[in-house]
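Okay, so here's the structure we're looking at.
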Amino acid sequence: MPISTFSVSGMTCEHCVRAVKQEVGDISGVTQVEVELGTPSTVTVQSTEPISHQDVVAAIDEAGYEVV
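If you're matching positions, the sequence shown starts at 3 in the working numbering and goes up one per residue.
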C-alpha cells in the first residue's frame, strides 16, 4: 500500500484535522489519513493504489490549508 506524507501550514486544532481527513479521505483509493499538528503539520495518506499528488494538494486546499 502506497504511503505519502505532506507538510501543511495553517492547521492548529481538531477542527482542522477533521476537515483535512474528510477531504483527503474522499479521494478514490485512500484508505487512511493521519494528521499530526505541528509547525508545519503533516498529513500522511495511505492508499490501495498510487494517488495523484495534485489530487491530495487540491483536497487539502479545499479544506482551507496549504501544502508547503
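Glycine is no exception: its CB is placed at the ideal position from the N, C-alpha and C atoms.
Tell me whether I5 sits in a helix, a strand or coil according to DSSP, three-state version.
In the sequence shown, the residue the question calls residue 5 occupies position 3. Three-state DSSP puts I5 in a strand.
Which of the three DSSP states is assigned to V59 in this structure?
For the purposes of this step, residue 59 is taken as residue 57 along the sequence shown, with counting starting at 1. The DSSP-derived three-state label of V59 is helix.
Using a Cβ-Cβ cutoff of less than 7 Å, which residues in the same chain neighbour E36 once the five nearest sequence positions on both sides are dropped?
Along the sequence shown, one-based indexing puts residue 36 at 34. Correct list, in chain order: T46.
Return the chain-ordered ranges of every beta strand (DSSP E) run that is complete within the segment 16 to 58 and spans a minimum of 3 residues.
Correct list: 32 to 38 and 43 to 49.
Applying the 10 Å Cβ sphere with the 16-neighbour rule, what's the burial state of S43?
Along the sequence shown, one-based indexing puts residue 43 at 41. Buried, because 16 or more other Cβ atoms sit within 10 Å of the Cβ of S43.
If we ignore side chains and look at the alpha-carbon of each, how far apart do G27 and V59 end up?
Here residue 27 refers to the residue found at position 25 when the sequence shown is read from its first residue. Here residue 59 refers to the residue found at position 57 when the sequence shown is read from its first residue. Pairing G27 with V59, the inter-Cα distance amounts to about 12 Å.
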